[in-house]
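Position 20 of the sequence shown, counted from 1, bears residue number 20 in UniProt numbering, the numbering being contiguous throughout.
All C-beta atoms, glycine included, are put in the ideal place defined by N, C-alpha and C.
The model shown is predicted, which means the values in this text are computed figures rather than measured ones.
Data block below; observations after.
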Amino acid sequence: MSKVLQIAWREFAATALTKGFLIGLVAVPMMMAVTLLLVPLLINFKSPPVRGEVAVLDLSGAGIDARLAEALSPEALVQRRAALQSRMDAAMPQALRGLQAQSAASAGVEAAFGEVPKLRVLSLPAEADIEREKARLLEADAEDARRLALLVIDADAVHSQSSNGLGSYSFYIRKKLDERVVDEIREALRPALIDARMQANGFDAERVRALNALPRVRPITVGEEGENSAALVVGQILPMAFMMLMFLAIMTAGQMLVTTTVEEKSSRVVEVLLAAVSPTELMAGKILGQLGVGLLMISVYAGLGVLALLSFALTGLIEFWQIAVFALFFLIAFATFGALMAAAGAAVNELREAQSLLTPIVLFAVAPMLLWMPIRSDPNSMLATVLSLTPPVSPFVMVMRISSNTPPPVWQIGLALLIGLVSTAIAMWIAGKVFRVGLLMHGKPPNFATLVRWVRMA
């Protein structure tokens, strides 16, 4: 056992105690922190406002051009953005509102939509030539005078003139016009046209809007620790965070396991090691060492995640049993994938040759991420239940389910652990045979049939 621990420490130190690994370990949190610091600076950057003319040919004669001119005035645009900001604030969990001042929040809306455009609405006479007016969109006039868009309101857009119902409008824009300006014009025209239709039918537009107004209500999760309006949002993010944390640790440490195994084999160092330890002890030590690397990564990133939850007062979303079960499934997943990766590294002579053997292993780890959305939407569906009991994807799917808003039954967790232990034992047994034979084999890289023969002969 002491030899295994010595090999494990050597493997851990060769990976985790290097400058490159330590820099990479803290690089992601540092990049996130720098991003959070740069966001306010980027938000404060303002591009020049769009200026120009919006021509309106109102064939309906219902005064839609006048309504649109009012809706596209700077005051109306500012008011509409303020209403949008209010809806965004209402949808934001209470715990997140105190993170930024109102000015920063308003700047966020301005960054998304740009500075308020300076638009001038030009009403065209009914006899205007549409083709000639469209040609104005191609002219390179001065910035303030250039035509940005042309709106042609159908004659039956307000009053129906046939059994086919009401008409609509045509929307022509200048090439490469900012999509945000297009949205501003479209969002201003829609209520103007609807108001004209309601007025034509004897309805009070303001009264109808007031009756249709319904504020967005955030669902409030009621738990043992009280009510929390942010629980639903964070509860949808946690499953993916748990799975990504496991995937990142396993793939990083597993790749290092393959690299060190191939390097030791190609440099003949492994022959010296096998003179002192058995192949089984060598494989166990290498897996344990890289397991320590994975646990170190999880400790750092999970610790940062806990600090984030503490800052939002959301630690009640994670229970101790979930962390304990996550640790068990991580050990099972790493032992399974680590053994297979160690066998892949022992079977080849160069890292380039190992890629063909690692591809199916990595695909098994990636598959749960491709199915994240259906599993998150219904953690107790037949698909999620079957995958959580199917090795080797079982640990990834089960950690998503246990961190969801509707955790699986206890018996399913226990069954998944039992199946995981059995599959790990089988993977270790197969990998041990390939590892034992492959370490001393040189020459042509093995194919699948050769690996099967190694398992039988070892």
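For the alpha helix (DSSP H) containing residue i, list its first residue and its last residue.
i           : result
E271        : 269-274
A192        : 179-200
V121        : That residue, V121, is in no alpha helix (DSSP H); its beta strand (DSSP E) goes 118-123.
S388        : 382-388
residue 470 : In the structure displayed, the chain extends from 1 to 458; residue 470 sits before or after that span and is not available.
G52         : Where G52 is concerned, there is no enclosing alpha helix (DSSP H), although the beta strand (DSSP E) it sits in stretches over 51-58.
G345        : 320-347
G6          : For the sequence presented, residue 6 should be read as Gln rather than Gly. It spans 2-16 - the alpha helix (DSSP H) in which Q6 sits, taken as one unbroken run.
F364        : 351-370
P379        : Careful: P379 lies outside any alpha helix (DSSP H) and carries neither H nor E.
A449        : 448-457
residue 459 : In this structure the chain extends from 1 to 458, so residue 459 is not present and cannot be described.
D65         : 64-71
A210        : 205-212
How many whole angstroms separate the CB atoms of residue i and residue j, which I take to be in contact at a CB cut-off of 8 Å?
i    : j    : result
F396 : P360 : Incorrect: roughly 16 Å between the Cβ atoms, too far for contact.
V399 : F326 : 5 Å
A427 : L340 : 6 Å
L137 : V54  : Rounded, the Cβ-Cβ distance is 11 Å, inconsistent with contact.
L150 : K134 : 6 Å
Q412 : S394 : The pair is not a contact, with the Cβ atoms about 11 Å apart (cut-off 8 Å).
P117 : E75  : Wrong, their Cβ atoms sit about 13 Å apart, outside the cutoff.
E271 : V4   : Rounded, the Cβ-Cβ distance is 19 Å, inconsistent with contact.
T336 : P391 : 7 Å
A128 : L57  : 6 Å
A431 : A343 : 4 Å
A365 : F247 : 6 Å
P49  : E115 : 4 Å
I298 : L245 : 6 Å
G167 : A241 : No, G167 and A241 are not in contact; Cβ-Cβ is about 50 Å, not under 8 Å.
On the criterion of 16 or more Cβ atoms from any shown chain inside 10 Å, does residue i qualify as buried, or is it exposed?
i    : result
E264 : buried
W454 : buried
S2   : exposed
S404 : buried
K286 : buried
I250 : buried
I153 : buried
M457 : exposed
I7   : buried
M32  : exposed
F329 : buried
I237 : exposed
G202 : exposed
N447 : exposed
R376 : buried
A253 : buried
G303 : exposed
P409 : exposed
S60  : buried
G165 : exposed
A354 : buried
G52  : buried
R352 : exposed
G443 : exposed
G289 : buried
R207 : exposed
L214 : exposed
V181 : buried
P374 : exposed
Could you give the residue range of the beta strand (DSSP E) that holds residue i?
i    : result
I173 : 169-173
A149 : 147-153
A126 : That residue, A126, is in no beta strand (DSSP E); it is neither H nor E in DSSP.
Cβ of residue i versus every heavy atom of the ligand SAH: is any distance shorter than 7 Å?
i    : result
M251 : Absence of the ligand SAH from the depicted structure is noted, as is the absence of any ligand whatsoever, leaving it without description.
Next item on the list: Indicate whether the contact test is met: 3 or more Cβ pairs, each with one atom in the stretch 243-261 and one in the stretch 411-431, closer than 8 Å.
Entry: no
Checklist line | Segment contact, 8 Å Cβ cut-off, at least three pairs: the stretch 4-21 with the stretch 291-299 | finding: yes
Note to self: Contact between the stretch 375-390 and the stretch 299-312 is defined here as three or more beta-carbon pairs at a separation below 8 Å; is this criterion met?
What the structure shows: no
Check: Touching or not, the stretch 122-129 and the stretch 25-35, by the rule of three or more beta carbon pairs under 8 Å?
Finding: no
Item checked: the stretch 193-202 contacting the stretch 156-165, beta-carbon criterion three pairs below 8 Å -> yes
Check: Does the stretch 435-451 come close enough to the stretch 342-352 that 3 or more CB-CB pairs lie under 8 Å?
Finding: The stretch 342-352 vs the stretch 435-451: in contact.
Note to self: With three or more C-beta pairs closer than 8 Å as the rule, is the stretch 185-193 touching the stretch 56-68?
What the structure shows: yes
Note to self: Closer than 8 Å is the cut-off here; do at least three beta carbon pairs connect the stretch 172-183 with the stretch 78-85?
What the structure shows: no
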